[in-house]
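A.B. asks: Below you will find the structure I want to go over with you.
Numbering (our numbering), first residue to last: 1 to 213.
See the structure below:
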């Protein structure tokens with residue numbers, strides 16, 4: 001399975017040489033906020049919101065004292081903005097209290113922050129700290145299981161299964177490659193199998209049962 005996964009990663013690298021982070025930020029804290037905002041929202045939506053937000057507020061000290069109603073108003077262009085506003089305000093307070101306002105570069109410390117789950121922690125480690133990370137969003141969950149390199153029902157199990165068959169140094173790029181492929185070709189509805197660079201290695205095209213087909 002590791003050999004097949006490596007082949008697929010290589011093919012995706014050839015197909016998507018531009019694969020990489022799409023969120024825009026200029027600091028680790030801005031990265032963290034952008035990632036929290038990105039849940040159930042597109043990167044384009046988040047970038048539109050943060051382009052204005054970060055002009056005014058871009059440090060934990062700013063958000064910790066910011067009126068929650070104003071924060072909600074500034075981020076209402078993304079989904080679940082009320083809950084995200086609460087989490088951003090609360091995590092800013094935690095950063096000030098426990099980490100002198102700095103974002104911790106530790107997985108367990110990150111997932112203890114309000115609004116930060118495993119996917120977000122993996123993304124922050126990868127993008128902001130240049131550490132190996134393989135976050136599983138809806139695209140990664142769908143594509144990895146549809147093509148059959150893993151067979152798991154939950155994002156956490158998919159994450160652990162992918163990390164077991166993909167070398168650590170390829171975790172981060174594999175995350176981006178699977179997202180790019182999920183957005184451009186292996187879509188949830190009507191995947192463009194005709195133009196899929198890994199069709200020959202996709203188990204769903206070989207007749208295997210898959211809940212993602």
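Glycine included, every Cβ here is placed at the ideal spot set by N, Cα and C.
Only counting the same chain, and skipping five residues up and downstream in sequence, which positions put a Cβ closer than 6 Å to that of residue 11?
C.D. replies: If we look at residue 11 and ignore the five residues flanking it on each side, its Cβ neighbours are 197, 198.
A.B. asks: At the level of alpha carbons, what is the spacing between residue 36 and residue 88?
C.D. replies: Rounded to the nearest angstrom, the two C-alpha atoms are 8 Å apart.
A.B. asks: Consult DSSP for residue 66 and reduce its assignment to one of helix, strand or coil.
C.D. replies: It is coil, neither helix nor strand.
A.B. asks: Report all residues from its chain with a CB closer than 7 Å to the CB of residue 7; omit the five preceding and five following residues, and keep chain order.
C.D. replies: Cβ neighbours of residue 7 beyond the five flanking positions: 201.
A.B. asks: With DSSP collapsed to three states, give me the class of residue 100.
C.D. replies: It is coil, neither helix nor strand.
A.B. asks: Taking the continuous alpha helix (DSSP H) assigned at residue 195, which residues delimit it?
C.D. replies: Element bounds for residue 195: n/a, residue is neither H nor E.
A.B. asks: Below 7 Å between beta carbons: does that hold for residue 31 and residue 128?
C.D. replies: Yes, these two residues count as a Cβ contact at 7 Å.
A.B. asks: Using 10 angstroms around the beta-carbon of residue 158, count the other beta-carbons present and answer buried if the total reaches 16, otherwise exposed.
C.D. replies: Result: buried.
A.B. asks: Looking only at its chain, what residues have a beta carbon closer than 7 Å to the beta carbon of residue 111, apart from the 5 residues adjacent to it on each side?
C.D. replies: For residue 111, where only same-chain residues beyond five positions count, the Cβ hits under 7 Å are 117, 118, 121.
A.B. asks: Residue 38 lies in the alpha helix (DSSP H); which residues open and close that run?
C.D. replies: No alpha helix (DSSP H) contains residue 38, which DSSP labels as neither H nor E.
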